[in-house]
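>
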Amino acid sequence: DFGGSALVLWLPGIFVLALWLLQDRGRVTQPPEPPSTYAPLLANLGAVLVGIGWLGWELSQPFHMLPATLDWHRVALNTLLGMAGATLAAQLYAWLATGHPESLLASQGQVAGWGAVLASAPFVPGWAALALGTLAGFAFPLVRYAIEAWLHLRDAAGTIALALTSGPLGLLGVALFADGQAGQGWNGYPASSPLPGVAGLFVSGNTAQLSAQAIGLFAFTLWAAFWGLLLGAASRLSTHKPTAPMLHTPATAAAAQPPLERTENAAEERPLDGTSPVAPSAQGPEQILEASSPSTEQRGKTTL
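What follows is the structure, given as structure tokens:
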């Protein structure tokens, strides 16, 4: 794993997926709102910066052994080929699905192609890097659609889809297409060994490298899924606390009753609700004026 396909992409993607599956999620029934006008520009700029930054990151030799022999020109060329193939494949998918190119999908496909050659950039020939990037560009929108339609997860940033697409392609690309021209000093062999470098199934004819890559991918999956499910269960229990049942006591029963209204003669008490004959809501304006104004007999007595 030269650039960290398992460590940078697959491990956090499986962790977030396992964590997210235990949370409350609604069914995705409506398409998302269209992005802002400046979002595709920023996304494509970020994708280009990812590729440039990755080249500088790999030149610092973060993950591989010092005596290993690597061709840095080949690393850079394969990286650019993978990103180019993924960009073209993503645009072809958008044209087949919607009838026009999608600039935002182009940036996401470009990053998917970058991730697909993370592990295999120094070990595979150029045509293999282009093929891996093209496959990642086609697979990324399909995986993202499956996450939203089947798992009902709104993967707005595409992080889970990127991990599920590029992580396995990066590791399995080494196991299948590595030609043995690079990697002397890896796998426990000294750099001066007459044996070839890292060789895949199509070159060496054996499944040794394929078994090693598959075991590593499986180990990362178990570790990430375990901690993701554990933290997801803890988060779900903390956010769904059971409520204690309400005890019915005389005090609570009295508080639940509506307030009482005392009439003029104080001999009758009625609940103050909409059905009470003395409630304001049950009497119209005419009834209120009629009740408040004196009758004709009372006016006559008052005049006399």
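In the numbering used here, the protein residues as written are 1136 to 1439. For each residue, glycine too, the CB sits at the ideal point set by N, CA and C.
For F1137, report the span of its alpha helix (DSSP H) as first-last.
Per DSSP, F1137 belongs to no alpha helix (DSSP H) and is neither H nor E.
> Taking C-beta to C-beta, are L1240 and Q1226 nearer than 9 Å?
Against a cut-off of 9 Å, the Cβ pair of Q1226 and L1240 comes out as a contact.
> From this set, G1315, L1184, F1355, A1349, which residue's C-alpha is nearest P1260's C-alpha?
Nearest of G1315, L1184, F1355, A1349 to P1260, Cα basis: G1315.
> Quick one, are the C-beta atoms of G1302 and A1153 less than 9 Å apart?
In this structure, A1153 does not lie closer than 9 Å to G1302 by Cβ.
> In this structure, does DSSP put A1251 in helix, strand or coil?
Three-state result, A1251: helix.
> Answer yes if the stretch 1234–1254 comes into contact with the stretch 1264–1283, meaning at least three C-beta pairs across the two stretches below 8 Å, and no otherwise.
At 8 Å Cβ cutoff, the stretches touch.
> Using CA coordinates, which residue listed in Q1158, D1206, T1214 is at the minimum distance from V1185?
Nearest C-alpha to V1185: T1214.
> Taking the C-alpha atoms as reference points, what is the distance between A1284 and I1295?
Whole-angstrom Cα-Cα distance: 14 Å.
> Is the beta carbon of A1298 less than 9 Å from the beta carbon of W1145?
Cβ distance < 9 Å, so A1298 and W1145 count as in contact.
> How is A1310 classed by DSSP in three states: helix, strand or coil?
Helix at A1310.
> Check A1334 in the structure and name its three-state DSSP category.
Looking at A1334 - three-state DSSP - the assignment turns out to be strand.
> Can you give me the C-alpha to C-alpha distance between G1409 and T1374, rounded to a whole angstrom?
Since pLDDT at G1409 reaches only 49, below the 50 mark, its modelled position is unreliable, and the value read off the structure follows with that caveat. Straight-line Cα distance between these residues: approximately 40 Å.
> Looking only at its own chain, which residues have a Cβ that is under 6 Å from the Cβ of Q1243, when we skip the five neighbours before and after it?
Correct list, in chain order: G1293.
> Where does P1415 sit, in a helix, a strand or coil, going by DSSP?
Because the pLDDT at P1415 is just 47, under 50, the model does not fix this residue reliably, and the value given afterwards should be weighed accordingly. Looking at P1415 - three-state DSSP - the assignment turns out to be helix.
> When you compare the CB positions of A1313 and F1258, do they come within less than 9 Å of one another, or not?
Contact flag set, yes.
> Along the chain, where does the alpha helix (DSSP H) that runs through A1284 open and close?
First-last of the alpha helix (DSSP H) with A1284: 1261–1284.
> Figure out for me which residue from L1190, W1155, L1306, L1177 has the closest Cα to the Cα of F1452.
A question about residue 1452 goes unanswered here, because the residues of the chain that appear run from 1136 up to 1439.
> Assuming L1205 and A1317 make a contact with CB atoms under 8 Å, what is their CB distance in whole Å?
Confirmed, about 6 Å.
> What would DSSP say about N1341, mapped onto helix, strand or coil?
Note: N1341 maps to coil in three-state DSSP.
> Quick one: what's got a C-beta closer than 8 Å to P1236's C-beta in the same chain, skipping five residues either side?
Cβ neighbours of P1236 beyond the five flanking positions: Q1226, A1229, W1230.
> Tell me which same chain residues have a C-beta within less than 7 Å of the C-beta of A1360, skipping the five on either side of it?
I1149, A1153, listed in sequence order.
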